[in-house]
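Chemist: A single structure is presented below for examination.
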Amino acid sequence: MHYFSTTAAISAGLLIGSLAAAQDVVWTLEGLEAPESAHFDEARDALYVSNINGEPTAKDGNGYISRVSPNGQMLEAKWVTGLDAPKGLVSDGATLYVSDIDRLVAIDIEAGEISGTWPAEGAIVSQRHGARCSGPGLCLGHDRPKDPCSG
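What follows is the structure, given as C-alpha cells:
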C-alpha cells in the first residue's frame, strides 16, 4: 500500500498517521500553508486540501482550499480563498463543505466559488473532520464547544 504526503501537517499525521515509517511515500508537495485536512473527489480525480495559513482560531481571511492531483501536482494552490481557518472537508458530489472556525461554508465545486455559509454562533471548529455528509444535500457541521473559561 502506498500513501502520499505533503511536507507539512498532512504527512505529519492526518493521512499517514503512525504508519508513516512502515509505508512508502509516493510523493511530496511544497506550497501548502498549514494544511489541515484533505478530501478526495473521485469524480473529478482531485484532492481538496484545507490550508489554515495562520492561527487555527483566527478570523483573518487568510485560509484557502487547494486542488491537487492524486499524483502530487498542484492544480490550483488557491482554488477558493477568503476562508478564516478551514479544517474538515466533505462533499455530497456537487458541493464541498468546509468547517471554518464558527461556520460551515459551502463551495460549488464546478464554479470554484463559495455558494453559502451557515453560522454556528459560539462554536469553535478547531479540530479536523468538522463536517459530515450522510447523503446528497444533507451535510452537518460539528464542533468542540466553546470553553466558557476562555472568554
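Under the numbering used here, the first residue of the sequence shown is numbered 151, with each subsequent residue one higher. Each residue gets a CB set at the ideal place from its N, CA and C atoms; glycine is no exception. What you are looking at is a predicted structure, and each value in this text was computed from that prediction instead of being measured.
#1: Express the C-alpha separation of VAL218 and LEU246 in angstroms, rounding to a whole number.
#2: Strictly by DSSP, which residues pair up with ALA188?
#3: Count the other CB atoms, across all protein chains shown, that sit within 10 Å of the CB of ASN221; report buried if there are 16 or more and exposed otherwise.
#4: GLY238: buried (16+ other C-beta within 10 angstroms of its C-beta) or exposed?
#5: I need the DSSP call for ALA227, collapsed to helix, strand or coil.
Modeler: A quick look at the data gives this:
#1: The alpha-carbon atoms of LEU246 and VAL218 are separated by roughly 15 Å.
#2: ALA188 is bridged by DSSP to VAL199.
#3: By the neighbour-count definition (other C-beta atoms within 10 Å, threshold 16), ASN221 is an exposed residue.
#4: By the neighbour-count rule (16 or more Cβ atoms within 10 Å), GLY238 is buried.
#5: In the structure shown, ALA227 sits in a strand (DSSP, three-state: E or B).
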